[in-house]
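Beneath this line is the structure, given in structure tokens, with notes to follow.
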Amino acid sequence: MSGNSKTGLRPPCLRTGLVLALAALCTIVASPPATAQDIKAAVLRVDYPSLLPLSRLDLPGENRGFAGARLATDDNRTTGQFMGQTYDTKEVTATADKALEAFRTLMDEGERLVVVIAESADLLAMADAAPADALLFNAASGDTTLRSARCRANVLHVAPSDAMRTDAVAQFLVWKRWNNWFLIEGSNPADQALAASYQASARKFGARITEERIFMDTGGSRVSDSGHVLVQRQIPVFTQDAAPHDVVVAADASDVFAEYLPYQLWDAAPVAGSAGLRPLTWSPTHESWGATQIQRRFEDLAGRSMTDIDYQTWLALRVIGEAVTRTSSADPAALRAYILSPDFNLAAFKGVPVTFRPWNGQLRQPILLSNGRMTISVSPQEGFLHEVSPLDTLGLDRPETECTAFEGEN
Amino acid sequence: MLRALLLSTVALSAPAYANNVFVTNEKGNTVSVLDSETWEVIAEFDAGNRPRGITIAPDGSELYVCASDDDLVRVFDPVTFKELHVLPSGPDPELFVIHPSGNPLYVANEDDNLVTVVDTKTHQVLAEIPVGVEPEGMAISPDASVVINTSETTNMAHFIDTETFEIVHNVLVDQRPRYAEFTADGQKLYVSAEIGGTVSVIDHAAETPAISKKITFDVPGVLNEWLQPVGIKITKDGSRVFVALGPANRVAVIDGETDEVIEYLLVGQRVWQLAFTPDEKFLITTNGNSNDVSIIDVESLKVIKSVQVGQQPWGVVVAPDS
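What follows is the structure, encoded as structure tokens:
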């Protein structure tokens with residue numbers, strides 16, 4: 001992982017902006033504390049008004065994200081009992097208009113480690129309102145600009161960027177030699193951003209978009225009593241006369257149409273992206289690399305399956321727990337320095353250690369490609385090489401990012 | 001039944017220096033039996049659902065198999081391959097270690113963060129010891145004073161007193177510790193960390209056990225991420241340590257004196273667990289993704305043979321000399 005030769009040359013305690021924190025870390029490592037440490041963290045979830053999902057299987061659980069937090073806190077506590085460390089995690093929900101207020105309340109209560117489940121604008125507002133000693137963990141937003149021009153030094157991204165997810169799909173399609181794509185995108189800004197990410201991934205890995213169409217979001221209810229009758233007539237018409245293609249790629253961040261595509265297309269083609277073969281950090285069917293163990297632990301605790309958001313929240317709190325275990329510190333700056341260092345690595349049921357990109361605070365992780373019933377494949381795909389880590393073939397690599405807030409890191 | 005009868009005949013007529021080698025097939029739900037003289041598969045018998053960890057009583061009288069999806073340990077007659085009885089294990093047993101006297105059995109329960117101690121004679125649970133998250137690897141010191149458990153998400157080796165069943169030490173190791181093995185003199189403990197990619201050498205002679213060295217691996221042409229140490233076996237004289245490197249398809253050979261890697265041996269795919277023949281002439285490796293076992297000549301450090309077994313071989317144990 002330490003492919004950058006600069007790492008070895010720079011004295012570790014001279015990083016700009018972190019001198020004090022690191023001085024503290026050095027002291028702590030030299031002499032582990034004799035007294036018990038209490039590690040406080042919070043999970044702040046912003047609930048936005050939303051329509052019902054297209055599939056009943058995607059109905060959001062009341063404790064969406066929080067169940068993952070409870071499991072992580074249990075895991076951290078079990079380890080903590082051997083280390084003289086206790087863990088406490090506060091769970092807070094807020095509506096979109098009260099998001100910043102809820103964040104400020106947490107700060108007033110002395111919370112400094114906060115896992116945020118929110119859209120990018122709200123996350124940015126919190127990051128900019130945070131006191132200097134707070135550290136935020138993005139467990140939800142895939143907005144790639146948060147890892148580039150709009151990055152913040154006090155935000156670490158456990159959720160993968162949209163670019164990581166679209167690269168994961170692109171690698172698999174290229175590995176299959178399905179190089180000609182029919183891109184169908186939604187009409188909302190989030191859908192357009194996702195479509196742009198698929199276009200960038202196609203360019204990056206040498207696929208061609210032979211046809212591109214926009215599926216207009218005209219509003220209306222998601223479900224009607226005999227909806228499939230209309231869908232069966234609409235979708236073939238919408239997709240007819242497309243240029244030759246191997247696969248349909250759906251960019252539907254708003255969950256308006258993608259689930260209607262499989263089996264309803266004019267041409268016989270597989271679907272990937274927002275439906276069909278989907279790029280996920282977690283799936284209830286994932287079983288490899290010991291994953292069955294955490295699935296069972298989660299199901300016992302929550303009485304339901306583990307979702308992407310639960311996993312990302314679990315992972316954010318496990319990142320904190322692992323950094324606390326290794327540094328014997330609860331200081332956010334010391335934890336951040338360790339998390340971004342080459343020494344940090346964490347097992348996360350993905351077969352390889354997950355680590356952080358020191359240039360933009362993004363967690364590296366493999367992406368599952370799932371059809372909802374099975375894990376079809378896991379990206380990065382074999383044969384996509386990188387000088388530092390195969391995981392860096394997914395998402396923004398060091399030369400591509402416009403993030404400067406992390407300069408001075410490894 | 002016919003197969004079993006046939007087999008017992010073979011076993012009886014086999015030369016004294018041949019030992020039965022038992023391999024659990026995780027996906028095939030069977031145990032394959034090999035003859036250590038001919039290296040031929042001489043039998044395959046049903047072993048419950050998802051058989052993984054396997055061990056044998058020191059006197060060779062009983063064969064123990066973790067039937068992970070049945071949530072119990074199945075006990076077989078090592079000669080007739082008949083199931084004798086089952087032992088309670090707690091949910092999802094994966095690995096265990098048997099006391100040098102043959103009793104009790106210490107079982108890691110991944111789902112409940114417990115080590116379960118089971119009496120092999122009365123079939124009763126003697127104790128349940130809370131440990132870290134996802135207990136996995138198990139070892140017992142040669143003097144039987146300490147049992148080691150490794151916890152995969154807590155990333156520790158827990159030292160459990162066999163008299164009091166209390167944890168007396170914890171040593172933090174690297175990510176996802178899978179397997180622990182003592183040297184025969186009990187001075188050193190080796191712990192593999194699958195995702196961390198290291199083997200920690202713990203000084204067990206010191207007053208407080210501590211890591212004295214971390215062994216790392218490097219195979220030209222193999223991605224670092226694939227160097228995932230799992231099973232460990234050490235020669236009785238402590239001179240050679242063998243470490244299965246999982247998806248790297250290699251077994252690392254380590255000098256037990258310097259704890260430096262001296263060689264990598266190419267074996268089958270996803271090499272998982274290891275076992276010596278009692279004379280330590282041969283080391284058997286289970287290769288989960290190529291459905292075979294590799295036989296290593298320990299003296300010459302050459303892979304001399306690979307033998308097809310059942311689906312996804314996982315664990316291996318060799319019967320002691322009778």
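In order, the protein sequence lines correspond to chains A and B.
Okay, so the first sequence: first residue is 1 according to full-length UniProt numbering, each after it adds one.
Okay, so the second sequence: first residue is 1 according to full-length UniProt numbering, each after it adds one.
Ideal Cβ positions, reconstructed from N, Cα and C, are used throughout, including at glycine.
Residue i versus residue j - alpha carbon distance
| i | j | result |
| --- | --- | --- |
| S31 (chain A) | Q85 (chain A) | Reliability fails at S31 (chain A), whose pLDDT of 38 lies under 50, so the model's placement of it is uncertain and no value is given. |
| D203 (chain B) | T122 (chain B) | 35 Å |
| N4 (chain A) | P358 (chain A) | Residue confidence is low: N4 (chain A) scores 40 on pLDDT, short of 50, so the model does not pin down where it sits. No coordinate-derived value is stated. |
| N287 (chain B) | D174 (chain B) | 24 Å |
| D161 (chain B) | P93 (chain B) | 21 Å |
| F282 (chain B) | A144 (chain B) | 26 Å |
| K40 (chain A) | F182 (chain B) | 38 Å |
| M138 (chain B) | S89 (chain B) | 14 Å |
| A302 (chain A) | N224 (chain B) | 36 Å |
| I320 (chain A) | L44 (chain A) | 16 Å |
| Y264 (chain B) | R270 (chain B) | 14 Å |
| G48 (chain B) | D77 (chain B) | 15 Å |
| L51 (chain A) | F257 (chain A) | 13 Å |
| W282 (chain A) | V298 (chain B) | 43 Å |
| K188 (chain B) | S212 (chain B) | 9 Å |
| A348 (chain A) | T355 (chain A) | 10 Å |
| Q264 (chain A) | D241 (chain A) | 14 Å |
| D392 (chain A) | P51 (chain B) | 37 Å |
| E119 (chain A) | S254 (chain A) | 13 Å |
| E387 (chain A) | R398 (chain A) | 12 Å |
| G221 (chain B) | A153 (chain A) | 36 Å |
| I42 (chain B) | D185 (chain B) | 35 Å |
Within-9 Å CB hit, residue i to chain A
| i | result |
| --- | --- |
| L95 (chain B) | no |
| R176 (chain B) | yes |
| T216 (chain B) | no |
| G48 (chain B) | no |
| T258 (chain B) | no |
| T153 (chain B) | yes |
| G238 (chain B) | no |
| K83 (chain B) | Residue identity check: residue 83 (chain B) is Glu in the sequence provided, not Lys. No, E83 (chain B) lies away from the interface with chain A (no Cβ there is under 9 Å from its Cβ). |
| G196 (chain B) | yes |
| G26 (chain B) | As written in the sequence, residue 26 (chain B) is Glu, which differs from the Gly given in the question. No, because no Cβ of chain A sits closer than 9 Å to the Cβ of E26 (chain B). |
Neighbour flag for residue i against chain B, beta carbons, 9 Å
| i | result |
| --- | --- |
| M306 (chain A) | no |
| N63 (chain A) | no |
| D75 (chain A) | yes |
| R213 (chain A) | no |
| A103 (chain A) | Note on identity: in this sequence residue 103 (chain A) is Phe, with Ala being the wrong assignment. It does not; no Cβ of chain B falls within 9 Å. |
| F82 (chain A) | yes |
| R45 (chain A) | no |
| G290 (chain A) | yes |
| Q365 (chain A) | no |
Close-in-space but distant-in-sequence residues of the same chain around residue i (CB under 7 Å, 5 per side omitted)
| i | result |
| --- | --- |
| P332 (chain A) | R112, L113, D133, A134 and L135 |
| G80 (chain A) | T86 and Y87 |
| K350 (chain A) | W289, Q365 and P366 |
| G231 (chain B) | Y179, A244, W272, Q273 and L274 |
| E194 (chain B) | R176, R178, Q228, P229, V230 and G246 |
| I209 (chain A) | W181, L183, Q199 and A202 |
| P262 (chain A) | V271, A275 and G276 |
| A24 (chain A) | With a pLDDT of 39 at A24 (chain A), under the threshold of 50, the modelled position of this residue cannot be trusted; read the value that follows with caution. D331 and A334, listed in sequence order. |
| F205 (chain A) | A170, Q171 and V174 |
Same chain, Cβ closer than 8 Å to residue i, neighbours up to 5 away in sequence not counted
| i | result |
| --- | --- |
| I309 (chain A) | R64, G65, G68, I117, A139 and A140 |
| M374 (chain A) | T285 |
Own chain partners of residue i with C-beta closer than 6 Å, once the 5 adjacent residues on each side are dropped
| i | result |
| --- | --- |
| F238 (chain A) | none |
| M156 (chain B) | G132, N170 and L172 |
| T27 (chain A) | The predicted position of T27 (chain A) is uncertain, since its pLDDT is 35 and thus under 50; a value taken from the coordinates is nonetheless stated next. Correct list: empty, nothing qualifies. |
| E91 (chain A) | V43 and F66 |
Can you list the alpha helix (DSSP H) stretches of 4 or more residues lying completely in the segment 255-324 of chain A, in chain order?
Taking 4 residues as the shortest admissible run, the segment 255-324 of chain A contains the following complete alpha helix (DSSP H) segments, listed from N- to C-terminal end: 291-302.
Any chance you could list the alpha helix (DSSP H) runs of at least 4 consecutive residues sitting entirely within the UniProt domain "Leucine-binding protein" (67-211) of chain A, in chain order?
Within the UniProt domain "Leucine-binding protein" (67-211) of chain A, the alpha helix (DSSP H) runs of at least 4 residues that lie entirely inside it are, in chain order, 99-108, 120-129, 162-175 and 189-205.
Please name the residues in the segment 347-363 of chain A whose beta-carbon is closer than 7 Å to at least one beta-carbon of chain B, in chain order.
Cβ contacts with chain B: A347, V352 and P353.
Using a beta-carbon distance cut-off of less than 7 Å, what residues from the segment 101-114 of chain B approach chain A?
Answer in chain order: E110, D111 and N113.
Quick check on the DSSP output: what are the complete beta strand (DSSP E) runs of length 3 or more inside the segment 132-172 of chain B, in order along the chain?
Restricted to the segment 132-172 of chain B, the beta strand (DSSP E) segments that are unbroken, complete and at least 3 residues in length are 135-140, 146-151, 156-161 and 167-172, listed in chain order.
Check distances from the C-beta atoms of the segment 377-409 of chain A to those of chain B and list, in chain order, the residues that come in under 7 Å.
Contacts with chain B (Cβ-Cβ distance below 7 Å) from the segment 377-409 of chain A involve P390, listed in chain order.
Selection of the segment 126-142 of chain B by Cβ proximity to chain A, strictly under 9 Å:
Going along the segment 126-142 of chain B in chain order, one finds P130, V131, G132, V133, E134 and E136 with a Cβ nearer than 9 Å to chain A.
Taking a Cβ distance cut-off of 9 Å, strictly less, list which residues of the segment 156-190 of chain B are near chain A, in chain order.
Using a CB distance below 9 Å, the part of the segment 156-190 of chain B facing chain A consists of M156, H158, I167, N170, L172, D174, Q175 and R176, ordered along the chain.
Counting only runs that start and end within the segment 26-94 of chain B, where is the beta strand (DSSP E) found for 3 or more residues in a row?
With a minimum length of 3 residues, the continuous beta strand (DSSP E) runs that stay inside the segment 26-94 of chain B are 30-35, 41-46, 51-56, 63-67, 72-76 and 83-88.
Contact residues within the segment 224-241 of chain A, judged by C-beta distance below 8 Å to chain B
Closer than 8 Å at the C-beta level to chain B, one finds no residue of the segment 224-241 of chain A.
Short of 9 Å Cβ to Cβ, which residues in the segment 181-205 of chain A face chain B?
Residues passing the 9 Å Cβ filter: none.
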